[in-house]
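Residue numbers are given in our numbering: position 45 of the sequence shown equals residue 41, and the series is strictly consecutive.
Cβ atoms here follow ideal geometry from the backbone N, Cα and C, with glycine treated the same way.
These numbers were taken from a predicted model, which means no experiment stands behind them.
Working notes for the structure below.
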Amino acid sequence: MKIALFGTTSYQGKMLRHEESLKEQGHEVKLPAFDSHPEFDDIEVCEFNRSLIEWAERIDVFWDNRSVGFVFDFGMIFMARKPIHVAYLEPKTLAGVLTKYEGRMI
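Here it is as structure tokens:
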């Protein structure tokens, strides 16, 4: 299966380990253009990632609930109607804090 990995730059290490595991299982895996891609400007990163989404049969996601870039990428994934696999979501989020705080104030 052709699998693209998308997520927050801070999870690049997790993504590389996941990539290795998927390749060992026989999948073809590609990574997005991270912010640190020196040869791309901002629009070229978006275009590269769009091409990657079009190529993929499935998108595996890693998200910290903060990355605006990932929100943009997810919009493209959603629009392309690509299936996703949530590989990692950050458990400590502002949404979690708000919910827990609300419960304490009642």
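When you compare each of the options to residue i by their alpha carbons, which one comes out closest?
i: PHE70; options: PRO28, HIS23 and PRO34; result: PRO28
i: PHE44; options: LYS26, TRP59 and VAL57; result: LYS26
i: ASN61; options: THR89, CYS42 and TRP51; result: THR89
i: HIS23; options: VAL93, ILE39, TYR97 and GLU53; result: GLU53
i: GLU50; options: SER63, LYS19 and MET72; result: MET72
Mapping the DSSP letters down to three states, classify residue i as helix, strand or coil.
i: ARG62; result: coil
i: ASP56; result: strand
i: LEU27; result: coil
i: ALA0; result: strand
Residues in the same chain with beta-carbon distance under 6 angstroms from residue i, minus the five sequence neighbours each way, listed in chain order, please.
i: CYS42; result: none
List the whole-angstrom C-beta distance separating residue i from residue j, where the pair is believed to meet the contact cut-off of C-beta under 8 angstroms.
i: ASP56; j: ILE(-1); result: 6 angstroms
i: GLY3; j: PHE58; result: 3 angstroms
i: LYS10; j: TYR84; result: 6 angstroms
For a cutoff of 7 angstroms on Cβ pairs, would you count residue i as touching chain C?
i: GLY65; result: In the displayed structure, chain C is absent; only one protein chain is listed.
Please work out which residues of its chain come closer than 8 angstroms, Cβ to Cβ, to residue i, disregarding the five sequence neighbours upstream and downstream, and give them in chain order.
i: SER47; result: none
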